[in-house]
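S.K.:
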Amino acid sequence: MAQAAPASRRRFRSFELILGVALTGGMTLAVLFSGFLFPDGGESMDLMARLLPPFQNPAHILGTDPLGRDVLARVIVGGRISLVVGVLSVLGAVTVGTLMGLLAGYYRGIAEVVLMRFADVQLALPFILIAIMFLAILGTGIDKVIFFMIVAQWVQYARLVRGSVLALRDREFILSARAIGVGNGRIIFQHILPNVLGPIVILMTLNVANNILLESSLTFLGLGVDPLIPSWGGMLADGRTYLQSAWWVSVFPGLAIMFTVLGLNLLGDWLRDFLDPTGQTSK
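Anchor point for the sequence shown: position 213 equals 213 in UniProt numbering, and the numbering is continuous, going up by one each time.
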């Protein structure tokens with residue numbers, strides 16, 4: 001029984017990895033090649049074929065929307081916006097937050113106190129309400145959505161990295177590097193940073209999924225991406241008045257969001273187990 005549990009755990013982790021890669025990789029590949037698959041960008045209209053149900057016309061396998069546009073094409077093309085927003089916002093937040101966390105944790109002092117209290121105040125604010133107020137004042141657009149997500153989420157990485165740096169800065173290999181005259185910059189970026197990358201990568205994976213959901217929610221409310229640009233949140237908003245008569249207009253972009261977020265969460269869970277030595281099961 002003692003050996004069965006680790007074997008079962010390893011099989012489950014392998015299943016997580018395979019399913020996560022299949023879901024995330026499949027959607028990413030479809031989005032990357034959407035320009036070749038659908039040169040019209042999902043914008044071709046055929047009013048004679050409006051609101052066709054799914055699986056009844058080979059030319060529109062997932063049906064059509066109220067303007068006769070192909071739902072499959074718009075779901076795949078719309079994924080470009082969600083993935084771009086999710087990835088770019090996370091890259092920006094992790095760059096700012098990691099740098100701040102490294103400096104605060106290594107140098108300590110008044111700068112660390114001010115930074116961490118500012119982070120505490122920002123984390124206490126209601127995120128979605130601040131997003132609605134911010135975008136309502138400054139206007140909508142991809143660049144504004146990405147900028148707000150960076151401003152709102154860098155503190156997560158700063159707190160995570162600071163805590164890891166505090167646990168590493170007095171370790172023997174750091175003290176030895178200082179003793180032989182290694183500069184602070186080299187210690188921070190060559191000795192400390194590689195040792196805190198594991199938790200950062202895990203949080204990045206989960207935050208990409210969260211940001212995809214946030215972008216879709218804001219676009220659904222009319223505060224995200226321009227309605228003229230295909231996006232999952234915009235498709236959900238367009239189809240909400242047709243839920244009883246044409247459910248597929250909203251259901252398929254909703255499923256795209258669900259499967260993409262599920263795949264990213266599975267990858268995050270697998271990375272957490274893989275990169276955490278305390279979570280490794282014995283062979």
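Don't be surprised by glycine CBs; every beta carbon is placed ideally from N, CA and C. Here the structure is a predicted model, which means the values were calculated and not measured.
I want to know whether the region 245-262 touches the region 48-57 - three or more CB-CB distances under 8 angstroms.
M.R.: Yes, they touch.
S.K.: State yes or no: is the C-beta of Gly-26 within less than 7 angstroms of the C-beta of Ala-73?
M.R.: For Gly-26 and Ala-73, no; Cβs fall outside 7 angstroms.
S.K.: Reducing DSSP to helix, strand and coil, say where Thr-140 ends up.
M.R.: DSSP places Thr-140 in coil when its eight states are reduced to three.
S.K.: Which residue's Cα is closest to the Cα of Asn-207: Asp-65, Glu-16, Val-85, Pro-194?
M.R.: The option with the nearest alpha carbon to Asn-207 is Val-85.
S.K.: Could you pull out every residue in the same chain whose Cβ sits closer than 7 angstroms to the Cβ of Val-155, ignoring the five residues on either side in sequence?
M.R.: The residues are Gly-97, Ala-119, Gln-122, Leu-123.
S.K.: Less than 6 angstroms between C-beta atoms, sequence neighbours within five positions excluded: which residues of the same chain meet that for Ile-257?
M.R.: Here the set comprises Ser-216, Trp-232.
S.K.: Can you have a look at Gly-263 and say buried or exposed, based on whether 16 or more other CB atoms are within 10 angstroms of its CB?
M.R.: So Gly-263 ends up on the buried side.
S.K.: What does the alpha-carbon distance come out to for the pair Ile-229 and Arg-186?
M.R.: Going by the C-alpha atoms only, they are around 45 angstroms apart.
S.K.: From Asp-238 to Ala-177, what distance separates their C-alpha atoms?
M.R.: Using only the alpha carbons, I get a separation of about 59 angstroms.
S.K.: At 3 residues or longer, what runs of the beta strand (DSSP E) sit wholly inside the region 77-107?
M.R.: For the region 77-107, not a single whole beta strand (DSSP E) run of length 3 or above is found.
S.K.: According to DSSP, His-60 sits in a beta bridge with which residue or residues?
M.R.: In the DSSP output, where bridge partners are listed per residue, His-60 has Asn-57.
S.K.: When DSSP labels each residue in this structure, what does Lys-283 get in the three-state scheme?
M.R.: At Lys-283, the pLDDT of 42 sits below 50, so the modelled position is not reliable; the number obtained from the coordinates is stated separately. Of the three classes helix, strand and coil, the one that applies to Lys-283 here is coil, per DSSP.
S.K.: Give the DSSP bridge partners of Asp-70, in chain order.
M.R.: DSSP output for Asp-70 lists Thr-64 as bridge partner(s).
S.K.: Using a Cβ-Cβ cut-off of 6 angstroms (strictly less than) and excluding sequence neighbours within five positions of Pro-253, which residues of its own chain qualify?
M.R.: Result list for Pro-253: Val-75, Trp-232, Met-235, Leu-236, in chain order.
S.K.: Inspect the CB distances between the region 162-180 and the region 125-142 and report whether three or more fall short of 8 angstroms.
M.R.: Cβ pair count under 8 angstroms is below three, so no.
S.K.: Let me check understanding here. Comparing Cα to Cα, which of His-60, Ala-49, Thr-260, Tyr-157 lies closest to Ile-200?
M.R.: Selected option, being the one with the closest Cα: Tyr-157.
S.K.: I need the boundaries of the alpha helix (DSSP H) containing Pro-194, first residue and last residue.
M.R.: Here the alpha helix (DSSP H) through Pro-194 covers 193-220.
S.K.: Go ahead and label residue 360 buried or exposed: buried means 16 or more other beta carbons lie within 10 angstroms of its beta carbon, across all protein chains shown.
M.R.: This structure cannot settle anything about residue 360, because the visible part of the chain is limited to 1 through 283.
S.K.: When you compare only the Cα positions, how much space is there between Val-71 and Gly-63?
M.R.: Their Cα atoms are separated by approximately 6 angstroms.
S.K.: By the 10 Å Cβ neighbour count, where 16 or more other Cβ atoms means buried, how is Leu-218 classified, buried or exposed?
M.R.: That one is buried.
S.K.: What would DSSP say about Gln-3, mapped onto helix, strand or coil?
M.R.: Per-residue confidence for Gln-3 stands at a pLDDT of 49, beneath the threshold of 50, marking its modelled position as unreliable; no derived number is given.
S.K.: Just to confirm the assignment, what range does the alpha helix (DSSP H) spanning Ser-34 have?
M.R.: Here the alpha helix (DSSP H) through Ser-34 covers 34-37.
S.K.: Taking the continuous alpha helix (DSSP H) assigned at Leu-125, which residues delimit it?
M.R.: Per DSSP, Leu-125 belongs to no alpha helix (DSSP H) and is neither H nor E.
S.K.: In whole angstroms, what is the alpha-carbon distance linking Ala-2 and Ile-192?
M.R.: Caution is warranted here: a pLDDT of 44 is assigned to Ala-2, below 50, making its placement in the model unreliable, and no coordinate value can be reported.
S.K.: Closest to Leu-214 by CA distance: which of Gln-190, Ser-89, Leu-255 is it?
M.R.: For Leu-214, the nearest C-alpha among the options comes from Ser-89.
S.K.: Mapping DSSP to helix, strand and coil, what is Ala-246?
M.R.: Correct three-state label for Ala-246: coil.
S.K.: Gly-139 to Gln-153, Cα distance in whole Å?
M.R.: Going by the C-alpha atoms only, they are around 20 angstroms apart.
S.K.: Output the boundary residues of the alpha helix (DSSP H) element that contains Met-235.
M.R.: Where Met-235 is concerned, the enclosing alpha helix (DSSP H) stretches over 232-239.
S.K.: Please return the same chain residues whose Cβ sits closer than 6 angstroms to the Cβ of Ile-18, not counting the five positions on each side in sequence.
M.R.: For Ile-18, where only same-chain residues beyond five positions count, there are no Cβ hits under 6 angstroms.
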